[in-house]
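Here is the structure we will look at, set down as structure tokens.
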Ligand SMILES: Cc1ncc(COP(=O)(O)O)c(C=O)c1O
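This is how it looks when you write it as structure tokens:
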């Protein structure tokens, strides 16, 4: 442990220095990962978060405040999604935790009600978030993914139906999907769930909060909330477009009977009895207080106004992108997420070029009918930047057109590797061949992105897994 203590001021400076190479999201030129309601709301959220930093959500009898905050936040979320009086839910640390819990609940519900099933599966469109793969992996529930409509990128209920078998316990739909920002036909999935006696989870992590505002502004898309018969659980993140601090999501169930399967209790040890509704046990009440503060400070009219700003910016961007020769939007986004491909240049070069001009945009690899593309999550603060963004994008597309084509020889070599024999050596050989030295973050990512894009999912996963295993290493402080 440090033998020389740091003063408060030194700590502040050192921490600020850590951020030096981070994406500078504060100026509104970052189009992923950060959801920014503006400085005043952010300040209020921070204050509320700090105010509850040390309170422990583990034990509602010791900290009834944490439970009260959670119950109030959940009540607001239920109302927002037009729930009846039976709907219950919990606050979780994020979309992934909400989804893990929905899958665990479905699995344990099936264990109780359909004991004949020894190897349960869930059926989801290929656009369902990776968190379902993770949940399946953690919880031993097989995931069967089925292709989406190649033009709209929405789930196809007929294909989902074909994938159902006697071991299916859960159907999944998104509102909206991350990759293309579209709402799946949830009413049709609800009918299917009712017909086959299955649970249906709606992943509203990305869109659950904002879509009702888009609806009020006149947008139309399939219904996805508690008014749809057959829906049995909904996840909705507050740390995305409700603008709460990270660590804020809710998982809602049609009734307490179903939610019972989520709760974990253990009195079979020497210490305090454990009763956890969610994955975490000890947990700061800070995120709950931060979310409560966001909902109350921004409020209904504030959210509607922010939605209007983002809706208008999305329209401006969509029109602008479609008018750049070679660029086209994938599907027809229902909310404020845009995915666009480019037929005349590598999107990975475009991402690098944009970065050099101070824009952070996210590359999405090709998958099924979805070509490699660029993802934009529109923020209220992005709005004043739309014209500048489009002007730079047009220049970057032109520039990218003259940059080198992917290294086919390298891709062919990588494609010959058997994922079963993949090792740290293979990793270093490949990244060296892609022109990267060591595991530091390369300034330009096109080479590595092109390589990833050429590989099947299993090899992509191997490469990324090895990369993470290399970069997370104990680093002594300076
Ligand atoms: C549709 C959808 N579901 C789930 C998640 C996972 O959320 P988190 O990153 O909070 O775990 C995301 C994240 O972007 C998402 O877009």
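Residue numbers (this note's numbering): 397 to 874.
Glycine included, each C-beta is placed from N, C-alpha and C at the ideal position.
Cα-Cα separation, residue i to residue j
i: residue 625; j: residue 589; result: 9 Å
i: residue 472; j: residue 647; result: 13 Å
i: residue 800; j: residue 628; result: 50 Å
i: residue 437; j: residue 487; result: 21 Å
i: residue 631; j: residue 600; result: 5 Å
i: residue 523; j: residue 727; result: 12 Å
i: residue 536; j: residue 516; result: 8 Å
i: residue 405; j: residue 414; result: 14 Å
i: residue 580; j: residue 474; result: 20 Å
i: residue 420; j: residue 654; result: 43 Å
i: residue 760; j: residue 861; result: 18 Å
Residue i: CB within 6 Å of a non-hydrogen atom of ligand 3
i: residue 397; result: Questions concerning ligand 3 fall outside what the structure shown contains, since the ligands it does hold are ligand 1.
Residue i in three-state terms, based on DSSP
i: residue 721; result: coil
i: residue 381; result: Nothing about residue 381 can be read from this structure; the chain reaches only from 397 to 874.
i: residue 457; result: coil
i: residue 439; result: helix
i: residue 463; result: helix
i: residue 513; result: coil
i: residue 602; result: coil
i: residue 812; result: coil
i: residue 569; result: strand
i: residue 504; result: helix
i: residue 538; result: strand
i: residue 832; result: coil
i: residue 426; result: strand
Proximity winner among the options, relative to residue i (alpha-carbon distances)
i: residue 422; options: 846, 776, 786; result: 776
i: residue 382; options: 754, 688, 760; result: There is no way to answer for residue 382, as the model of the chain reaches only from 397 to 874.
i: residue 796; options: 824, 743, 832, 802; result: 743
i: residue 623; options: 865, 821, 464, 482; result: 482
i: residue 650; options: 411, 532, 834, 478; result: 478
i: residue 575; options: 773, 700, 608; result: 773
i: residue 703; options: 638, 557, 825; result: 638
i: residue 771; options: 731, 717, 826, 427; result: 427
i: residue 566; options: 841, 621, 613, 495; result: 495
i: residue 817; options: 834, 855, 832, 843; result: 855
i: residue 585; options: 521, 769, 547; result: 521
i: residue 686; options: 779, 468, 830, 513; result: 468
i: residue 640; options: 547, 612, 432; result: 432
Counterpart residues of residue i in DSSP-defined beta bridges
i: residue 661; result: 671
i: residue 645; result: 488, 633
i: residue 339; result: The question about residue 339 has no answer here: the residues shown for the chain are numbered 397 through 874.
i: residue 544; result: 551
i: residue 747; result: For residue 747, which the question treats as bridged, DSSP gives no partner whatsoever.
i: residue 876; result: The structure shown does not extend to residue 876, since the chain is modelled only from 397 to 874, so the question has no answer here.
i: residue 680; result: 452
Minimum Cβ-Cβ distance from residue i to chain D less than 7 Å
i: residue 574; result: The structure shown has no chain D; it contains just one protein chain.
Check whether the stretch 495-502 and the stretch 595-607 touch, using three or more Cβ-Cβ pairs below 8 Å as the test.
Yes, the stretch 495-502 touches the stretch 595-607.
Three or more C-beta pairs under 8 Å: does that hold for the stretch 684-703 against the stretch 763-771?
No, because fewer than three Cβ pairs between the stretch 684-703 and the stretch 763-771 fall closer than 8 Å, the two stretches do not touch.
Are three or more beta carbon pairs between the stretch 828-847 and the stretch 800-809 nearer than 8 Å?
Taking 8 Å as the limit for Cβ pairs, the verdict is that the stretch 800-809 does touch the stretch 828-847.
Touch check for the stretch 728-737 and the stretch 746-754: three-plus C-beta pairs under 8 Å?
The count of Cβ pairs closer than 8 Å, one atom from the stretch 728-737 and one from the stretch 746-754, stays below three, leaving the stretches out of contact.
Counting Cβ pairs closer than 8 Å, one from the stretch 429-449 and one from the stretch 658-666, do we hit at least three?
No, the stretch 429-449 does not touch the stretch 658-666.
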